[in-house]
Amino acid sequence: MFSGYIDGLIVILAINVIMAYSAALPLVAGQLNLGTAGFMAVGAYMAAFLSNEYGLPIGVAILVGSLASGLIALIIGIPVLRTSGIYLALATFALGQILVAVFLNLEIVGAAQGYPVYGYIEMPTIALTTIGLLILLFVLSQTRFWLYLTAIKNDPTVCDLFGIEVRNVQLAAFVLGGMLAAVAGGLQAHYLSYVEAQSFGALISIYTVLFVILGGTQTVLGPLVGAAFFTFLPEVFRSGEEWRYAIFAAFIIGFMVLRPQGMINANMMRRLKAPFGGKASA
Amino acid sequence: MLQQLINGMMLGSVYVLIAVAFTLSIGILNFLNFSIPGLFMLGGMISWVLISMGVPPLLAFGLAFLIACACALVVEKLTFSWMKGSDHEVPLVSSLGFLILFEQILLVFYGSDQQAFPKVIPNATLKLGDLVIGSAQLLGLVLSIAIVIGISRFLKKTRVGRGIRAIAEDTTTAEFLGINVNVVVPLIFLISGAVAAIGGMLFAVNYSQVSPFMGEEVGFKGISAMIIGGMGSVWGAIAGGLLIGLAEVMSIYFLGSDFVDLSVYGLLLIILMVRPQGLFGLAQVREKL
Amino acid sequence: MTYALEIRNLVKNFGSLEVTRDVSFGVNKGERLALIGPNGAGKTTIFNLISGVYPVTSGQILIQGTDVTDVPSKERIAHGISRNFQNVRLMKHLTVVENLILDQHINASGVANMLQPFGMLRRHKWWKQAYEALEEARLIDYANETVDALPYGLRKRVDLVRALLADPKILLLDEPAAGLNPTETDELMRELKTVAQNGVTLLVVEHDMHFVRNLCERVVVLNFGEKVSEGTMAEVEKNPKVQAAYLGVEAEEQDNAA
Numbered sequence: 001m002f003s004g005y006i007d008g009l010i011v012i013l014a015i016n017v018i019m020a021y022s023a024a025l026p027l028v029a030g031q032l033n034l035g036t037a038g039f040m041a042v043g044a045y046m047a048a049f050l051s052n053e054y055g056l057p058i059g060v061a062i063l064v065g066s067l068a069s070g071l072i073a074l075i076i077g078i079p080v081l082r083t084s085g086i087y088l089a090l091a092t093f094a095l096g097q098i099l100v101a102v103f104l105n106l107e108i109v110g111a112a113q114g115y116p117v118y119g120y121i122e123m124p125t126i127a128l129t130t131i132g133l134l135i136l137l138f139v140l141s142q143t144r145f146w147l148y149l150t151a152i153k154n155d156p157t158v159c160d161l162f163g164i165e166v167r168n169v170q171l172a173a174f175v176l177g178g179m180l181a182a183v184a185g186g187l188q189a190h191y192l193s194y195v196e197a198q199s200f201g202a203l204i205s206i207y208t209v210l211f212v213i214l215g216g217t218q219t220v221l222g223p224l225v226g227a228a229f230f231t232f233l234p235e236v237f238r239s240g241e242e243w244r245y246a247i248f249a250a251f252i253i254g255f256m257v258l259r260p261q262g263m264i265n266a267n268m269m270r271r272l273k274a275p276f277g278g279k280a281s282a
Numbered sequence: 001m002l003q004q005l006i007n008g009m010m011l012g013s014v015y016v017l018i019a020v021a022f023t024l025s026i027g028i029l030n031f032l033n034f035s036i037p038g039l040f041m042l043g044g045m046i047s048w049v050l051i052s053m054g055v056p057p058l059l060a061f062g063l064a065f066l067i068a069c070a071c072a073l074v075v076e077k078l079t080f081s082w083m084k085g086s087d088h089e090v091p092l093v094s095s096l097g098f099l100i101l102f103e104q105i106l107l108v109f110y111g112s113d114q115q116a117f118p119k120v121i122p123n124a125t126l127k128l129g130d131l132v133i134g135s136a137q138l139l140g141l142v143l144s145i146a147i148v149i150g151i152s153r154f155l156k157k158t159r160v161g162r163g164i165r166a167i168a169e170d171t172t173t174a175e176f177l178g179i180n181v182n183v184v185v186p187l188i189f190l191i192s193g194a195v196a197a198i199g200g201m202l203f204a205v206n207y208s209q210v211s212p213f214m215g216e217e218v219g220f221k222g223i224s225a226m227i228i229g230g231m232g233s234v235w236g237a238i239a240g241g242l243l244i245g246l247a248e249v250m251s252i253y254f255l256g257s258d259f260v261d262l263s264v265y266g267l268l269l270i271i272l273m274v275r276p277q278g279l280f281g282l283a284q285v286r287e288k289l
Numbered sequence: 001m002t003y004a005l006e007i008r009n010l011v012k013n014f015g016s017l018e019v020t021r022d023v024s025f026g027v028n029k030g031e032r033l034a035l036i037g038p039n040g041a042g043k044t045t046i047f048n049l050i051s052g053v054y055p056v057t058s059g060q061i062l063i064q065g066t067d068v069t070d071v072p073s074k075e076r077i078a079h080g081i082s083r084n085f086q087n088v089r090l091m092k093h094l095t096v097v098e099n100l101i102l103d104q105h106i107n108a109s110g111v112a113n114m115l116q117p118f119g120m121l122r123r124h125k126w127w128k129q130a131y132e133a134l135e136e137a138r139l140i141d142y143a144n145e146t147v148d149a150l151p152y153g154l155r156k157r158v159d160l161v162r163a164l165l166a167d168p169k170i171l172l173l174d175e176p177a178a179g180l181n182p183t184e185t186d187e188l189m190r191e192l193k194t195v196a197q198n199g200v201t202l203l204v205v206e207h208d209m210h211f212v213r214n215l216c217e218r219v220v221v222l223n224f225g226e227k228v229s230e231g232t233m234a235e236v237e238k239n240p241k242v243q244a245a246y247l248g249v250e251a252e253e254q255d256n257a258a
């Protein structure tokens, strides 16, 4: 349909967008997850293993991988989410490193040699899946659940007094984030036909968080814009090939100085439309 | 076995310095300064660049140190001092931007390969029975512990040091006590950047190699060391650094190199779940130091 | 007869610090009772204990005769307790109307409610309730402003609308008049009297004595965590202990100023 370059770029965009939301869900509630790459690895390996060894349809394999990742997030999230702030960020960081390290030593999926994947999915499938997920996320952003996430970031104590189950809401966001990352991993594994533990390094998690913060967490569109921007900006500087990431880093620094709330903030969206489509002020 | 213990301590001494650099920034300013691994790398890489240009080693180290310190001050100007009152992730992101920036600039000029760092210290080894201790390694261990103790004493005994600790308690109070926050905050960035840069030089000398990305792995281990020891505690940083060094060397020795991350980060995760304040930290971070 | 709200022998210690010592009083249904006393007397602590911010050290809290001492804060809301906060704890990054919807949690808990995409549904009852309440309070113009864009006086009014939205039986107000100008204060007073006439029990912490005198039927005076007097304003004013409590503070303030 498109040239290989465009195809590849669209897939990278799709993966980056899904990953951005996997980090954004907990971050909207003020929780920094620096371990998304670990959940991505779980999804990639699980889906690849199921479609390779048991011949499961790729879609089903990815779904099961996502559920498995969600289960891991749930089990580990319960103790880990007792911490907060910097401790939570580092606990999730350690968790991501551990998950990847487990696959690095798991012989059944090739350990350090990597794991070939036989099933293949095309770019349009990945693009459509991403659009589907975006629609689901948009709907989710219109619920009380999302409202609670924002409120918890604002003031967890008062949320608790209102009777909102702060811990459970945070856990749900963390688990949903883990599931999304696993979907991204599963899609990527079947597009690249190869899974390699080393490719889920800590920097993937960190970059994912960068997308989100650059895009802004105050609105549901922020992570999408951030991820798209991050995917395309280095391409724009392609002419200056070797300098492009340096320019990019300088851009991040400058951007945070000028606009710490992210590209898309709540007031900007409100000027475009009344929030949640509510009655415009009289 | 005993040899492994010593190797672990040597490796740990590098982590100690990184952990101290982080702990100063976190403990006093409550800021996870992600540019520290970048400053670590600058210490090692710039020394290598200068030495390979023919600059005498001692002068090269001195210049690299000054450049890294200058960079630390730039980081302060463009991250922390702008971000007062913003979400706590924001300075983290922009300091991360600096890490990427430093790495990429050196990458452009010198490529991503590991570069061999020349031997600048005579290759003497200390032999105690079967044990072999390199002079460079020994120097590293002694130097890191000395630096850490020096910082700890500086914070406790000097007027400026007490000023710094007052800031850790409360910025307004510190200002009230006549402490110039605009001087002391850059000073903290300077000290932690300088410590990181020295760490990078020690690493280069000890392991005879440098690369633009040498800071990442070591940086992450250094953060882990800080958490395990207890955020904000200088003694905790020493304990955590040595512990991580030991855990790493021991797991290579007994389990193989692919198990390093599993044991190091496993240790970190367990500590965070069981005793989040770390081994030496008090429940409230800011009360230490 | 049972009180709408009663506290018995309430004690709260923070470590070795005794913040409230053996405080008891009751509020009748529809009554307007003020809790007064110098700074640090333990007024806000009592509010926090009643609303369940932290547990009591000993003593009892009863709502309509039911013991709620060990009941978590969310269930106290179900018992009809609602409160504001001294320094207006609205969610700054949410709009006024979103803040109101947020506070309706108690009537909309459960997963099914949580996942309704009401944001897209213009006619959803949650929007209607919130907009109606704002209309009634003549705050409709600010419905879609984020809270951090509002001046303090407006935030206080929104906070009151929020506290009333859950149809409370007992309303705890921590310094509702602080920071308001005289016109706003008079308006607030009228509004609160109407609220009380509709059967809502009011417990008010307030420093503005003019406000307390005009709004409240009865006052309880606290000093150093202990109840020193109780009765009508005229009665407690004559109590030498009360005079000592306030004079002591004034003397202290003069010392500090000097």
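Protein chains in written order, with full-length UniProt numbering: chain X, 1 to 282; chain R, 1 to 289; chain D, 1 to 258.
C-beta: ideal position from N, C-alpha, C; glycine also.
Simplified DSSP state of residue i, which is helix, strand or coil
| i | result |
| --- | --- |
| residue 221 (chain D) | strand |
| residue 237 (chain D) | helix |
| residue 174 (chain D) | strand |
| residue 214 (chain D) | helix |
| residue 193 (chain R) | helix |
| residue 114 (chain R) | coil |
| residue 118 (chain X) | coil |
| residue 89 (chain D) | coil |
| residue 97 (chain D) | helix |
| residue 216 (chain R) | helix |
| residue 160 (chain X) | helix |
| residue 156 (chain D) | helix |
| residue 246 (chain X) | helix |
| residue 44 (chain D) | helix |
| residue 145 (chain D) | coil |
| residue 31 (chain D) | coil |
| residue 106 (chain D) | helix |
Interface residues of chain D facing residue i [CB-CB closer than 7 Å]
| i | result |
| --- | --- |
| residue 131 (chain X) | Correct list: empty, because the minimum Cβ distance to chain D is about 18 Å. |
| residue 139 (chain X) | 117 |
| residue 151 (chain X) | 91, 94, 102 |
Partner residues on chain X for residue i, Cβ-Cβ distance less than 9 Å
| i | result |
| --- | --- |
| residue 63 (chain D) | Chain X residues near residue 63 (chain D): none, gap ~15 Å exceeds 9 Å. |
| residue 51 (chain D) | 161 |
Residue i burial status per 10 Å Cβ neighbour count (16 or more: buried)
| i | result |
| --- | --- |
| residue 111 (chain D) | exposed |
| residue 198 (chain X) | exposed |
| residue 259 (chain D) | Examination of residue 259 (chain D) is not possible in this model, given that chain D is present from 1 through 258 alone. |
| residue 277 (chain R) | buried |
| residue 33 (chain R) | buried |
| residue 244 (chain D) | exposed |
| residue 226 (chain R) | buried |
| residue 53 (chain R) | exposed |
| residue 210 (chain D) | exposed |
| residue 256 (chain D) | Caution is warranted here: a pLDDT of 48 is assigned to residue 256 (chain D), below 50, making its placement in the model unreliable, and the coordinate value is therefore given only provisionally. Residue 256 (chain D) is exposed by the Cβ-count criterion. |
| residue 142 (chain D) | buried |
| residue 242 (chain X) | exposed |
Chain-ordered neighbours of residue i on chain R, where CB pairs are closer than 7 Å
| i | result |
| --- | --- |
| residue 24 (chain X) | Those do not exist, as residue 24 (chain X) stays about 12 Å from chain R at its closest Cβ, beyond 7 Å. |
Amino acids of chain R, ordered along the chain, whose beta-carbon sits closer than 9 Å to that of residue i
| i | result |
| --- | --- |
| residue 146 (chain X) | Near residue 146 (chain X) there are no residues of chain R at all, since even the closest Cβ is about 18 Å away, more than 9 Å. |
Partners in chain D for residue i, counting only beta-carbon separations shorter than 8 Å
| i | result |
| --- | --- |
| residue 143 (chain X) | 114, 115, 116, 117, 118, 119 |
Neighbouring residues, chain X, relative to residue i (Cβ below 8 Å)
| i | result |
| --- | --- |
| residue 259 (chain R) | 101, 105 |
Closer than 7 Å at the beta carbon, the chain X residues around residue i
| i | result |
| --- | --- |
| residue 170 (chain D) | Within chain X, no residue comes near residue 170 (chain D); the closest Cβ sits about 15 Å away, beyond 7 Å. |
Contacting positions in the stretch 154 to 186 of chain X - beta carbon closer than 8 Å to chain R: none
Chain X contacts from the stretch 85 to 117 of chain D (Cβ-Cβ distance under 8 Å): Contacts with chain X (Cβ-Cβ distance below 8 Å) from the stretch 85 to 117 of chain D involve 85, 89, 91, 92, 93, 94, 95, 97, 98, 101, 102, 103, 105, 106, 108, 109, 113, 114, 115, 116, 117, listed in chain order.
In chain order, each alpha helix (DSSP H) run of at least 4 residues that lies wholly inside the stretch 62 to 127 of chain X: 85 to 104
Alpha helix (DSSP H) segments (min. 4 residues) lying fully within the stretch 165 to 196 of chain X: 166 to 192
Members of the stretch 250 to 274 of chain R near chain X, C-beta cut-off 7 Å: Flagged, chain order: 258, 259, 261, 262, 265, 266, 268, 269, 272, 273.
Cβ-based contacts, 9 Å cut-off: residues of the stretch 192 to 218 of chain X near chain D: 218
Cβ-based contacts, 8 Å cut-off: residues of the stretch 228 to 245 of chain X near chain R: 242, 243, 245
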